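As you go down the protein sequences, you meet chains P and H in turn.
Going by the numbering used here, the first sequence opens with residue 40, and the numbers climb by one from there.
Going by the numbering used here, the second sequence opens with residue 61, and the numbers climb by one from there.
From the three backbone atoms N, C-alpha and C, an ideal C-beta is built for every residue, glycine too.
Quantities reported herein were computed from a predicted structural model and do not represent experimental measurements.
Here's the structure we're looking at; comments come further down.
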Amino acid sequence: MDSLLRSAAAGIGFATVAFVSFAQQTAPTPTPAAQPPAAAVAPAAPPAAPAPAPSWQQGRSAEQQSSPLHPFAPILTGRPASELQVDKLKVPPGFKVEVWVDGVPEARSLTLGDNGTVFVGNRNLKDVYAIVDRGGKREVKKILKGLNSPNGVVFNKGTLFVAERGRITRYDGIESSLDNPPAAKVVIDNLDPTAQPGHFWKYLAMGPDGKLYFNIGAPGNIVLPTYTQATIMRVDPATGVLERVAEGVRNSVGFDWHPKTKQLWFTNHARDWVSDDLPQDTLHRVSAKAMNFGYPFCHQGDFPDPEFGKSRSCKEFDAPAAKLGPHIAPLGMRFYTGTMFPAEYRDNIFIAMHGSWNKSTKIGYNVMRVALDGKGNVAKMEPFLEGFLTDAKADPPMWGRPVDVLVMRDGALLVSDDYNGIIYRVSYKK
Amino acid sequence: MGAAAKAVALLCLSATAFAAEVGAIEQKAALCAACHGPQGNSAIPANPSLAGQPKQFITTQLVMFREGNRKDPQMSAIAAGLTNADINEFGAYFAAQQPIPPPPSAMDAANVAASQKLAEQYNCVVCHGAALKGTQHIPRLAGQQRVYLAEQLRGFKASTRFDMDGNMTSAAQPLTASDIELLAEYLAALR
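Right under this line is the structure:
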């Protein structure tokens with residue numbers, strides 16, 4: 040059966056639904072004969088559904104149609120930290136984790152202003168928040184309203200850039216006018232011309248080349264993308280010129296540049312509904328122009344897609360730098376450039392793992408530390424902040440979900456949690 | 061918005077402001093009773109019961125009304141003035157109320173069996189739970205007003221009912237008019 044009474048609203052978290060699919064939809068069941076009204080017998084199989092399944096269901100096999108697995112929706116009002124077991128959070132010896140601020144609904148992407156303001160985006164709401172730290176007392180201000188999924192935020196040289204679904208805008212001089220923000224100036228528009236559901240909320244970062252980097256994800260779980268989809272793109276804010284940086288990227292919602300090599304690294308979400316353990320989500324390094332990381336033909340560098348990979352080879356594509364775990368949902372990542380943490384943390388990568396849903400035993404829901412060796416290869420990966428996952432078999436399995444990480448000027452690490460609308464601070468003291 | 065709806069909205073708004081001063085959630089929630097019944101047990105066929113709904117379902121819907129994603133002449137106006145703290149309070153309050161068991165079903169045994177089969181066949185139970193009592197952001201269907209349920213299902217089928225990610229719109233497509241009537245009557249009588 041094609042359509043399912045799955046979570047009525049599941050996906051607030053996955054608000055993006057339909058899909059533009061050249062791929063198989065779940066096979067519609069044959070249309071039965073007309074049913075008698077109020078029949079005293081169960082009707083036969085229903086007719087094929089004209090409305091498509093939500094994108095997170097797309098690509099399911101017939102046997103998976105009644106799977107209880109579903110995405111978890113964030114609590115859109117947020118929850119006060121006082122109601123939560125934040126003392127259950129764990130960090131390595133010498134480190135300390137505390138609530139930095141609560142009351143930031145669906146806190147997702149983080150960026151830091153020149154004067155210390157932290158700007159916060161979200162995906163299912165329409166606002167951008169600013170958090171002003173006044174001597175340890177933090178004030179949460181809603182500074183922008185009425186935006187379309189303002190997930191991406193990046194601050195650079197006095198300007199806040201915001202990536203909505205369809206456009207990127209700039210707010211110049213905003214840090215000195217938080218209570219009366221300037222009007223949006225458009226950097227680039229029409230990034231979402233079809234307004235179709237899909238992975239079209241954006242992560243946004245400023246490259247060392249002064250260009251704005253962002254993702255345009257795939258329009259469904261496993262479908263053939265168009266030329267601009269399943270990519271990382273960049274736009275020059277001075278000229279508006281748009282370029283494709285990497286392709287074959289199903290959806291990346293986190294990237295950063297290596298502090299020494301200046302190469303772009305990014306996280307990527309692999310497809311769902313193959314199995315609990317395949318394929319794995321990945322970490323990638325962009326070391327050349329026009330790299331293609333395989334979607335929808337090859338996942339994790341060595342796993343041909345059961346459908347799209349039949350007549351292709353993984354050898355055609357660029358391999359990931361590391362496999363991170365099946366369905367673990369890596370989101371924001373940052374190289375650690377601070378000096379507060381011990382020296383061995385320098386230039387490590389922190390990755391926020393939003394946590395799996397498309398897997399019967401859940402994993403993730405933590406911040407991982409990834410150390411690279413001298414050649415820039417992944418040498419070690421270990422949990423850094425954990426304790427959000429309470430019961431890997433429960434629904435929901437967690438009480439919080441990390442989304443983005445941000446290195447502060449004092450070297451502390453902020454971690455956003457969209458499930459609760461909380462930002463945590465991890466610090467270190469010898 | 062009709063004059064009556066406007067009046068209700070205004071009444072609820074001014075009363076909400078009053079209750080906020082008084083501060084007690086019972087008093088705030090009493091204003092919802094005009095439409096949703098005492099303790100959220102609706103006696104009006106077109107209006108949903110809120111008693112025993114999952115907290116996250118109540119809060120999510122109120123946010124969506126406030127933000128203009130879901131629209132209703134009365135609820136949009138009422139939700140427009142609510143803070144997140146208000147919404148959390150309403151969610152907790154209604155989730156904690158006992159649903160009044162509906163009167164025994166007037167359906168004959170064959171139709172009950174047929175409806176039960178429909179709820180499984182259309183995978184209602186996969187998300188709303190085996191007892192159809194909802195979880196997290198997914199609503200309780202058991203004991204809900206029949207007329208309200210049928211209206212929502214028709215709205216989903218017609219793609220006119222607000223739907224956060226298209227799940228229910230998609231799920232409702234294969235439902236026939238008689239499926240909807242059967243399901244609504246069956247769900248309304250569930251305890």
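Within 7 angstroms (strictly less), CB to CB, does residue i reach chain P?
i: H:S230; result: yes
i: H:V172; result: no
i: H:Q212; result: no
i: H:N107; result: no
i: H:V207; result: no
i: H:T220; result: no
i: H:Q233; result: yes
i: H:Q116; result: yes
i: H:H96; result: no
i: H:G215; result: no
i: H:G252; result: Only positions 61 to 251 of chain H appear in the structure, and residue 252 of chain H is not among them; the question remains open.
i: H:N183; result: yes
i: H:A80; result: Residue placement at H:A80 is flagged as unreliable, the pLDDT there being 48, under the threshold of 50; the coordinate-derived value follows with that caveat. No, H:A80 does not count as interfacial toward chain P.
i: H:A77; result: Any reading at H:A77 must be qualified, since the residue scores a pLDDT of 49, below 50, and its modelled position is unreliable; the value itself is stated next. It does not; no Cβ of chain P falls within 7 angstroms.
Within 10 Å of its beta-carbon, does residue i have 16 or more other beta-carbons around it, so buried, or fewer, so exposed?
i: P:R448; result: exposed
i: P:V292; result: buried
i: H:G97; result: buried
i: H:E116; result: The sequence as given places Gln at residue 116 of chain H; Glu does not occur at that position. So H:Q116 ends up on the buried side.
i: H:R251; result: exposed
i: P:K401; result: buried
i: P:N459; result: buried
i: P:R173; result: exposed
i: P:V280; result: exposed
i: H:A63; result: Confidence at H:A63 is low in this model, with a pLDDT of 49, below 50, so the placement of that residue is unreliable and no value is reported for it.
i: P:P318; result: buried
i: P:P232; result: exposed
i: P:P369; result: buried
i: P:K469; result: exposed
i: P:N219; result: exposed
i: P:F61; result: Caution applies to P:F61, whose pLDDT of 31 falls short of 50 and renders its modelled position unreliable; the model cannot decide the point.
i: P:V465; result: buried
i: P:D34; result: Absent from the structure is residue 34 of chain P, since the part of chain P shown begins at 40 and ends at 469.
Does chain H have any CB closer than 7 angstroms to the CB of residue i?
i: P:L363; result: no
i: P:S105; result: yes
i: P:P189; result: no
i: P:P93; result: yes
i: P:A90; result: yes
i: P:A112; result: yes
i: P:P67; result: At P:P67 the pLDDT is 38, less than 50, meaning the model places this residue with poor confidence and gives no usable figure here.
i: P:Y458; result: no
Report the partner residues of residue i according to the DSSP bridge assignment.
i: P:Q319; result: P:P365
i: P:N219; result: Looking at the DSSP assignment, P:N219 forms no beta bridge with any residue, so it has no partner.
i: P:S466; result: P:K135
i: P:K419; result: P:A410
i: P:W304; result: P:D295 and P:R324
i: P:E282; result: P:R273
i: P:D357; result: Looking at the DSSP assignment, P:D357 forms no beta bridge with any residue, so it has no partner.
i: P:G191; result: P:A202
i: P:A391; result: P:V406
i: H:T195; result: H:I198
i: P:V444; result: P:V454
Who are the neighbours of residue i on chain A, taking C-beta pairs under 8 angstroms?
i: P:H109; result: Of the chains in the structure shown, none is chain A; the protein chains are P and H.
Residues in the segment 128-159 of chain H having any Cβ partner in chain P nearer than 7 angstroms: Under the 7 angstroms Cβ criterion, the segment 128-159 of chain H contributes N144, I147 and N148.
Residues from the segment 114-145 of chain P in contact with chain H, defined by Cβ distance under 8 angstroms: Residues I114, L115, T116, G117, R118, G142 and P144.
Contact set between the segment 407-428 of chain P and chain H, restricted to residues whose Cβ is under 8 angstroms from the partner: If the cut-off is 8 angstroms between Cβ atoms, the segment 407-428 of chain P has nothing near chain H.
Within 8 angstroms of chain H by C-beta, residues of the segment 235-251 of chain P in sequence order: Residues are counted here when their Cβ sits less than 8 angstroms from a Cβ of chain H; for the segment 235-251 of chain P these are P236, given in chain order.
Short-range partners of chain H found in the segment 176-205 of chain P, where Cβ spacing is below 7 angstroms: Against chain H - using a Cβ distance shorter than 7 angstroms - the segment 176-205 of chain P contributes no residues.
Every unbroken alpha helix (DSSP H) inside the segment 133-186 of chain H [4 residues or more]: Along the segment 133-186 of chain H, the alpha helix (DSSP H) occurs as fully enclosed runs of 4 or more residues at 133-140, 144-156 and 169-181, listed in sequence order.
Contacting positions in the segment 430-450 of chain P - beta carbon closer than 9 angstroms to chain H: Residues of the segment 430-450 of chain P with a C-beta atom less than 9 angstroms from some C-beta of chain H are D434 and P435, listed in chain order.
Proximal residues, the segment 212-230 of chain P versus chain H, C-beta separation under 8 angstroms: Sequence-ordered contacts of the segment 212-230 of chain P with chain H are nonexistent [C-beta pairs closer than 8 angstroms].
Within 7 angstroms of chain H by C-beta, residues of the segment 371-401 of chain P in sequence order: Here the close residues number zero.
Minimum length 3: unbroken beta strand (DSSP E) runs contained in the segment 105-149 of chain P: Residue ranges of uninterrupted beta strand (DSSP E) with 3 or more members, entirely inside the segment 105-149 of chain P and ordered along the chain, are 134-141.
Interfacial residues, the segment 146-165 of chain P to chain H, with Cβ spacing under 9 angstroms: Residues passing the 9 angstroms Cβ filter: N163, L164 and K165.
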